[in-house]
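As they're listed, the protein sequences go chains H and D.
Counting in my numbering, the first sequence runs from 1 upward without gaps.
Counting in my numbering, the second sequence runs from 250 upward without gaps.
Okay, so here's the structure we're looking at.
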Amino acid sequence: MDLTPSQEAPTPVGASRPFWQGARAALSTPGLVLFGSFTGFGAMTHDFGWPIWIAALSTILIWAAPAQLVLAGALASGAGIAASSLAVTISAVRLLPMVVSILPVLRSDRTSLGARLLAAHYVAVTAWFEGLRRTPALERESRMPFFLGLANGLVLGSTIATAAGHAAAGLLPAALSIGLLGLTPIYFLLSLERGAWGLGERLAIGLGLVLAPLIATVTPRFDLLWTGIIGGTIAFLIDKAARRRRSAQ
Amino acid sequence: MTTPDVGFLLLAVVAAFFANELWRVLGAVLSARLNEDGAVFAWVRMVATALVAGLVAKLVLSPSGGFALAPLWLRLGSAAAGIAAYAVGRRSLALGVATAEIALIAGMVALGA
């Protein structure tokens with residue numbers, strides 16, 4: 001039998017090794033913290049009365065913990081499809097600059113738009129952070145498969161974690177299940193700070209924390225939208241004034 | 250709390266998928282042309298950051314599920330412990346999250362949960 005022609009095709013063989021290396025990298029510390037936080041999200045959806053498969057599906061499809069949490073929170077406070085989608089889309093704006101900053105690192109000359117869209121789908125805080133940290137050390141052809149392996153490993157682990165958290169929420173002793181529910185807010189707050197760019201975004205974090213409870217007393221259904229717009233705009237203006245003063249000196 | 254309708258939940262998740270994916274698709278399409286240092290971009294990032302921070306505050310101050318069984322002082326205290334550990338521990342996410350968790354669970358155990 002003549003096997004040489006099929007053995008000469010270099011791409012699949014060349015891509016599978018970095019893919020699996022990436023998948024193994026999903027089991028690093030940031031990956032484990034992420035899985036923990038999805039366990040918390042799963043426990044929370046149990047609390048909100050979601051079926052387990054809806055919770056797992058939201059992780060596979062949406063694949064962005066802030067968006068999923070915004071969705072769950074909005075639905076729990078009585079928002080409809082339109083209002084919850086609007087809140088989700090505002091929380092997801094952060095993904096755009098993340099995609100824009102990681103794609104030039106991942107792509108090579110031969111990367112198609114389809115492959116770029118696929119890579120973009122997997123961009124979320126942890127995958128983006130770990131992808132940007134680890135791939136620049138690799139050869140250009142290995143970066144995309146490594147990232148896809150990493151991201152798929154993270155999605156798989158997070159989906160299992162979501163289902164496990166949902167299942168565990170009713171069974172664990174109260175102290176532990178309350179601990180799971182408390183995991184998500186602190187993970188979010190710290191990863192926001194970890195990924196923040198400059199003074200403006202740190203101000204935006206502080207303003208969001210302070211404004212949300214105040215605005216919730218005025219307009220409970222759209223409180224997150226208004227918190228984002230008002231807090232973000234104030235942070236932007238202060239940041240701009242600070243820059244101007246610095247460049248004037 | 251009433252149990253939400255499954256069809257409604259499924260629709261909400263699928264709608265949220267499109268609402269979320271929109272920005273990834275835009276990012277992939279525009280990645281060659283967009284100015285990452287532009288003012289609009291910076292503003293948009295800050296609005297999104299404030300929104301997610303607002304969500305964190307809401308989850309801690311007025312949780313709607315079982316997290317409400319932990320008293321307010323414990324919710325705030327455990328978060329503060331996590332932030333302090335994160336700040337002291339060279340901005341380590343794992344350290345901050347683990348500290349907050351231990352404080353919260355220990356607090357609940359001490360309260361007899």
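Using N, Cα and C, we set each Cβ at its ideal position, and we do this for glycine too.
Since the model is a prediction, treat every value here as computed from it, not as a measurement.
Using a cut-off of 8 Å between C-beta atoms, extract the partners of residue i located in chain D.
i                     : result
residue 184 (chain H) : 308
residue 130 (chain H) : Neighbours of residue 130 (chain H) on chain D: none; closest Cβ ~12 Å, over 8 Å.
residue 140 (chain H) : Within 8 Å Cβ-Cβ: nothing; residue 140 (chain H) doesn't reach chain D, min ~16 Å.
residue 216 (chain H) : 307, 311
residue 116 (chain H) : 277, 280
residue 222 (chain H) : Result: empty, since nearest Cβ-Cβ is about 11 Å, beyond 8 Å.
Taking Cβ-Cβ distances shorter than 9 Å, what residues in chain H pair up with residue i?
i                     : result
residue 333 (chain D) : Result: empty, since nearest Cβ-Cβ is about 11 Å, beyond 9 Å.
What residues in its chain sit with their C-beta under 7 Å from that of residue i, if we drop five residues either side in the sequence?
i                     : result
residue 258 (chain D) : none
residue 328 (chain D) : 309, 349
residue 211 (chain H) : 227, 230, 231
residue 234 (chain H) : 207
residue 67 (chain H)  : 88, 91, 92
residue 334 (chain D) : 344, 345, 348
residue 114 (chain H) : none
Where do the ends of the alpha helix (DSSP H) carrying residue i lie?
i                     : result
residue 326 (chain D) : 321-337
residue 390 (chain D) : With chain D covering only 250 through 362, there is no way to say anything about residue 390 (chain D).
residue 308 (chain D) : 288-310
residue 273 (chain D) : 255-279
residue 342 (chain D) : 342-359
Who are the neighbours of residue i on chain H, taking C-beta pairs under 8 Å?
i                     : result
residue 338 (chain D) : Those do not exist, as residue 338 (chain D) stays about 11 Å from chain H at its closest Cβ, beyond 8 Å.
residue 345 (chain D) : 186, 190
Using the beta-carbon of each residue, which ones in chain D are nearer than 9 Å to residue i?
i                     : result
residue 19 (chain H)  : Per Cβ cutoff of 9 Å: no residues; residue 19 (chain H) is ~20 Å from chain D at best.
residue 121 (chain H) : 270, 273, 274, 277
residue 70 (chain H)  : 265, 300, 301, 304
residue 42 (chain H)  : Per Cβ cutoff of 9 Å: no residues; residue 42 (chain H) is ~12 Å from chain D at best.
Can you list the residues of chain D that residue i reaches, using a CB-CB cut of under 7 Å?
i                     : result
residue 188 (chain H) : 301, 305
residue 162 (chain H) : Simply none; closest approach about 12 Å.
residue 146 (chain H) : Under the 7 Å cutoff, chain D gives no residues; its nearest Cβ is about 18 Å from residue 146 (chain H).
What residues in its chain sit with their C-beta under 6 Å from that of residue i, if we drop five residues either side in the sequence?
i                     : result
residue 107 (chain H) : none
residue 7 (chain H)   : No answer about residue 7 (chain H) holds up, because its pLDDT of 43 lies below 50 and its placement is not dependable.
residue 153 (chain H) : 23, 26
residue 324 (chain D) : 309
residue 140 (chain H) : 108
residue 352 (chain D) : 327, 330
residue 161 (chain H) : 35, 38, 39
Residue i touches chain H at which residues, Cβ-Cβ below 7 Å?
i                     : result
residue 321 (chain D) : Under the 7 Å cutoff, chain H gives no residues; its nearest Cβ is about 12 Å from residue 321 (chain D).
residue 256 (chain D) : Under the 7 Å cutoff, chain H gives no residues; its nearest Cβ is about 10 Å from residue 256 (chain D).
residue 325 (chain D) : Residues of chain H passing the Cβ test: none, with the nearest at roughly 11 Å.
residue 315 (chain D) : 47, 177, 178, 181
Going along the chain, which residues of its own chain have a beta-carbon closer than 8 Å to the beta-carbon of residue i, five neighbours each way excluded?
i                     : result
residue 271 (chain D) : none
residue 320 (chain D) : 360
residue 343 (chain D) : none
residue 188 (chain H) : 37, 65, 66, 69
residue 43 (chain H)  : 165, 166, 168, 169, 177, 180, 181
Closest Cβ-Cβ distance between residue i and chain C: below 9 Å?
i                     : result
residue 159 (chain H) : Considering every chain present, this structure includes no chain C. Its protein chains are H and D.
(request) Let me know the alpha helix (DSSP H) ranges lying completely inside the region 100-176 of chain H, each 4 residues or longer, listed in chain order. (result) 113-121, 125-134, 140-169
(message) Runs of 4 residues minimum, wholly inside the region 13-99 of chain H: which ones carry the alpha helix (DSSP H) assignment?
(response) Runs of the alpha helix (DSSP H) lying entirely within the region 13-99 of chain H, each at least 4 residues long, are 29-47, 52-62, 65-76, 81-92 in chain order.
(message) Quick check for students: name the residue ranges of the alpha helix (DSSP H) that lie wholly in the region 189-244 of chain H, counting only runs of 4 or more.
(response) 198-218
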